[in-house]
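Chemist: Before we start, here is the structure in question, set down as structure tokens.
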Amino acid sequence: MLYIFDMGNVIIEIDFKRVLGVWSKLSGVPLAHLVERFTMGEVFQQHERGEISDEDFAAQLCREMGIALSFEQFSAGWQSIFVSLRPEVITIMKDLRAQGHRVVVLSNTNRLHLDHWPVHYPEIEQNVDALYLSQDLGMRKPDPAIFQHVLEKEGFSPQETVFFDDVADNVNAASALGIQAFLVEDEQTLPRHFSGNQIT
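To convert, count from 1 in the sequence shown and add 97; that's the numbering used here.
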């Protein structure tokens, strides 16, 4: 079987409020204003597809939110999204690979975050067979093409594939292709799913 894991709030605990909190302190703009202004709109999606540079992304997002930050200040906030690794998921991934299954990551991410998580959470790369990252592929979930790309590269059919993600749109897109897709609602979802003898 092919097991595909999203990264944020599946393997790594993330909290976007931490990002806005740092930007609020550095810019002097009230947090409530940033919460109102921030959207994962077209600029955000372009960055995750690798279509614009980190510097352009930072400048455009700052303009959208009405804040003045240096690139270094923007980056400091951006990296604060990461809270901690979910070690129980690393254990599950190790167990799956030990049983002969293929384990990969499929993540909507960006170059800025690539400066952070591989260094702070090396366990991820150490315990997967491949990393499929949106900014490398020029596609992002829930685009069906990104799932089809992974299936073709890995040589598995949708029926031989299991996918875990914390975003309902991504889960629905995978399900529509015939992939067994599960919504990760909290840190207990995966341990519950794989409890007992459910790893097959």
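Just so you know, even glycine gets a beta-carbon here, dropped at the ideal spot from N, CA and C.
#1: What would DSSP say about Glu-282, mapped onto helix, strand or coil?
#2: Going by other Cβ atoms of all chains shown within 10 Å of its Cβ, with 16 needed for buried, is Ser-307 buried or exposed?
#3: Between Phe-102 and Met-190, is the Cβ-Cβ spacing less than 8 angstroms?
#4: Return the residue from the list Leu-228, Ala-270, Asp-263, Pro-239 that minimises the CA-CA distance to Lys-250.
#5: Checking the sheet assignment: what are the DSSP bridge partners for Ala-271?
#6: What residue range does the beta strand (DSSP E) around Val-107 cover?
#7: Let's test the definition: count the other Cβ atoms within 10 Å of the Cβ of Thr-206 and tell me whether it reaches 16, buried, or not, exposed.
#8: Can you tell me which of the three DSSP states Val-126 falls into?
#9: Would you say the segment 176-196 touches the segment 153-166, given that touching needs at least three Cβ pairs under 8 angstroms?
#10: Could you give the uninterrupted runs of the beta strand (DSSP E) lying entirely in the segment 188-212, keeping only those of 3 residues or more?
#11: If contacts are defined as beta-carbon pairs under 8 angstroms, then Leu-287 and Val-281 qualify, I think. What distance do you get, rounded to the angstrom?
#12: Could you compute how far the alpha carbon of Gln-277 sits from the alpha carbon of Gln-143?
#13: Using the beta-carbon count (16 or more within 10 Å), is Pro-262 buried or exposed?
#14: Once the 5 residues before and after Glu-110 are set aside, which same chain residues still bring their CB inside 8 angstroms of it?
#15: What residue range is occupied by the uninterrupted alpha helix (DSSP H) comprising Phe-253?
#16: Based on the DSSP output, what are the partners of Asp-262 in its beta bridges?
#17: For Gly-105, which residues from the same chain have a beta carbon less than 6 angstroms from its beta carbon, with the 5 sequence-adjacent residues on both sides left out?
#18: Taking the C-alpha atoms as reference points, what is the distance between Tyr-121 and Ala-271?
#19: For Gln-232, which residues from the same chain have a beta carbon less than 7 angstroms from its beta carbon, with the 5 sequence-adjacent residues on both sides left out?
#20: If you run the structure through DSSP and keep just helix, strand and coil, what is Leu-166?
Modeler: With the given structure in hand:
#1: Taken through DSSP and simplified to helix, strand or coil, Glu-282 comes out as coil.
#2: Outside the shown range of the chain, which is 98 to 297, sits residue 307, and nothing can be said about it.
#3: Yes, the pair counts as a contact, with Cβ atoms nearer than the cut-off.
#4: Here the closest residue by C-alpha is Leu-228.
#5: Answer is none; Ala-271 lacks a bridge partner.
#6: No residue range can be given for Val-107, since it is assigned to no beta strand (DSSP E) and is classified by DSSP as neither H nor E.
#7: Taking every protein chain shown into account, the CB of Thr-206 has 16 or more other CB atoms within 10 angstroms, so this residue is buried.
#8: Three-state result, Val-126: coil.
#9: Below 8 angstroms, too few C-beta pairs join the segment 176-196 and the segment 153-166 to call them touching: fewer than three.
#10: List check, beta strand (DSSP E) in window: 199-204.
#11: Confirmed, about 6 angstroms.
#12: The C-alpha of Gln-277 lies about 28 angstroms from the C-alpha of Gln-143.
#13: Reading off the sequence shown, one finds Asp at residue 262, where the question assumed Pro. Burial call: buried.
#14: Same-chain partners within the cutoff: Phe-179, Val-180, Ser-181, Leu-182, Arg-183, Glu-284.
#15: Neither: Phe-253 is in no alpha helix (DSSP H) and is coded neither H nor E.
#16: Paired residues: Leu-280.
#17: Excluding residues within five positions, the ones whose Cβ falls inside 6 angstroms are Ile-111.
#18: Note on residue identity: the sequence assigns Ser, not Tyr, to residue 121. The C-alpha of Ser-121 lies about 36 angstroms from the C-alpha of Ala-271.
#19: Non-local beta-carbon contacts of Gln-232 in its own chain, meaning distances under 7 angstroms to residues more than five positions away in sequence, involve Glu-145, Arg-146, Gly-147, Thr-206, Asn-207, Arg-208 in chain order.
#20: DSSP places Leu-166 in coil when its eight states are reduced to three.
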